[in-house]
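In the working numbering, the protein residues as written are 1435 to 1876.
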């Protein structure tokens, strides 16, 4: 999450401080991200998979411990049977008991245990990184959705101002019309313009609600149309030149992104899996030890019955030995396990290669998008400045009765259109810049 936290800091801070919630009903970007991470089902599932990988890794390590067990057996023999005390045949009812405790330790098994530990260790680390990548992806999507809401809020504000300006001009024309200074077609032209802008305002509000819905869905919370967001201080947006090439960004991303690291760990896990499967063809050497005792109701000394506790103490015996188990034929299980392990390695190799290729393509596209967004934003800033001056002049002429409504509306529409485009370009540039900085590892 370090990369994402750096991204949030760059996006949210202008003086090194995160957003502070100023009003109780305001949602900050930090809160939106925290809510999304907490409620997202896929991230919770990924967390469960990571925990399962940790348990598998712990189990693989625990398999190195010796196996220890104990057995207690009580029974009744009737008729002709062997007396466990004298090991001779008797023809009577005998109650007996046997106690046994044993331990077994694998001394060598073709390094199966060691390679299995490595395999599960790599898999566990990969699962942790995949969980981190899932968090990073959701965080980026929430940032995008959050900025989309802010962008649409700005577009609604622009549309409201456009309607207000046109409404004022229409009211002015109506006053002049009462004095006989304005022809009805001019009023109709301005009325049509007002209705067009009111329709644009309605569309902007609908788009804003759709953006709020998308953000609520990413956070997995019930949708509230009145959702209010804290503003990102975009006024201090600084134009930055792209100083690194796509190749340099790619080289840094390979070392930084959890997605790439996870794919590499999956490959290493598959390699260890092949080594573990090959170990199944080797003999297994085990160290065994047992401690035993028994009891028989037929046991006597000088015609007197030997008590239960005395027999258990007197009959204790132990053994220790080494067992060599050589695999000869087991239904070709080891053979097919090795083939499957090799196929798994091919799959992880291709998955890792695909991850790197897709990352390179994404970075190349991000550089292009960044360059285009920066150029578009710069051009629109200059265009808005020019149209502002043109509209100011047209408004003065129109208010003084020199200019026509057509000239005024053309100048106003040019300014309105570029103003809307500038708002969109501003947010688009900000997002492209931060995404590229994320790839750079900043």
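Idealized CB from N, CA, C, for every residue including glycine.
Let me know the secondary structure DSSP gives residue 1768 once reduced to three states.
helix
What are the boundary residues of the beta strand (DSSP E) that residue 1501 is part of?
For residue 1501, the enclosing beta strand (DSSP E) covers residues 1501-1511.
Could you check what DSSP says for residue 1533 in three-state terms: helix, strand or coil?
strand
Expressed to the nearest angstrom, what Euclidean distance is found between the alpha-carbon atoms of residue 1827 and residue 1820?
11 Å
Rounding to the nearest angstrom, what Cα-Cα distance links residue 1766 and residue 1772 in this structure?
Cα to Cα, residue 1766 sits roughly 10 Å from residue 1772.
For residue 1451, is the classification buried or exposed, using 16 other Cβ atoms within 10 angstroms of its Cβ as the cut-off for buried?
Only weak support is given to the placement of residue 1451: the predicted model assigns it a pLDDT of 31, under 50, and the value that follows is read from those uncertain coordinates. Burial check for residue 1451: the Cβ neighbour count within 10 Å stays below 16, so the residue is exposed.
DSSP on residue 1811, reduced to helix/strand/coil?
helix
Three or more C-beta pairs under 8 Å: does that hold for the stretch 1734-1749 against the stretch 1692-1705?
no
Buried or exposed, going by whether 16 or more other CB atoms sit within 10 Å of the CB of residue 1509?
exposed
For residue 1789, does the three-state DSSP call read helix, strand or coil?
Looking at residue 1789 - three-state DSSP - the assignment turns out to be helix.
Could you check how far apart the C-beta atoms of residue 1594 and residue 1635 are, in whole angstroms? I think they sit under 8 Å.
6 Å between Cβ atoms; contact.
Using CA coordinates, which residue listed in 1496, 1568 and 1865 is at the minimum distance from residue 1555?
1496
Counting C-beta neighbours from all protein chains within 10 Å, is the total for residue 1871 16 or more, i.e. buried, or is it exposed?
buried
Nearest to residue 1852 by CA position, among 1837, 1560 and 1823, is which residue?
Nearest option by C-alpha distance: 1823.
In three-state terms, what does DSSP make of residue 1524?
strand
Work out the CA separation of residue 1546 and residue 1540 for me, nearest whole Å.
11 Å
Of the residues 1515, 1480, 1504 and 1583, which one's Cα is nearest the Cα of residue 1560?
1480
Between which two residues does the alpha helix (DSSP H) containing residue 1391 stretch?
No statement about residue 1391 is possible, as the shown extent of the chain runs from 1435 to 1876 and does not include it.
Could you check whether the stretch 1590-1608 touches the stretch 1627-1643, counting it as contact only if at least three pairs of C-beta atoms, one from each stretch, sit closer than 8 Å?
yes
Can you tell which of 1525, 1529 and 1662 has the C-alpha that lies nearest to the C-alpha of residue 1642?
1662
My output table needs one value for residue 1658: the three-state DSSP class, helix, strand or coil.
Here DSSP, grouped into helix, strand and coil, assigns residue 1658 to coil.
With a CB to CB cut of under 8 Å and the five nearest residues on each side skipped, what residues in its chain are close to residue 1578?
1865
Check this for me: beta carbons of residue 1749 and residue 1727, under 7 Å apart or not?
yes
Using DSSP bridges, identify the partner residues of residue 1542.
1719
Could you tell me the distance, in whole angstroms, from the CA atom of residue 1467 to the CA atom of residue 1854?
28 Å
Starting from residue 1626, follow the alpha helix (DSSP H) in both directions and report where the run begins and ends.
1618-1653
State yes or no: is the C-beta of residue 1798 within less than 7 Å of the C-beta of residue 1680?
yes
Taking Cβ positions, are residue 1549 and residue 1528 nearer each other than 7 Å?
no
Please list, in chain order, all residues of the same chain as residue 1794 whose beta carbon is under 7 Å from its beta carbon, the five residues on each side excluded.
1684
Tell me whether residue 1762 is buried or exposed, calling it buried when 16 or more other Cβ atoms sit within 10 Å of its Cβ.
The residue in question, residue 1762, is exposed, as its Cβ has fewer than 16 Cβ neighbours within 10 Å.
Indicate the three-state DSSP secondary structure (helix, strand or coil) for residue 1571 in the structure shown.
Helix, per DSSP.
Just the C-alpha distance for residue 1605 and residue 1859, rounded to the nearest angstrom, thanks.
33 Å
I think residue 1646 touches residue 1583, with their Cβ atoms under 8 Å apart; what is that distance to the nearest whole Å?
6 Å
By how many angstroms is the C-alpha of residue 1498 removed from the C-alpha of residue 1532?
29 Å
On a CA-only basis, which of 1687, 1863, 1682 and 1831 is nearest residue 1814? Give me that one, please.
1863
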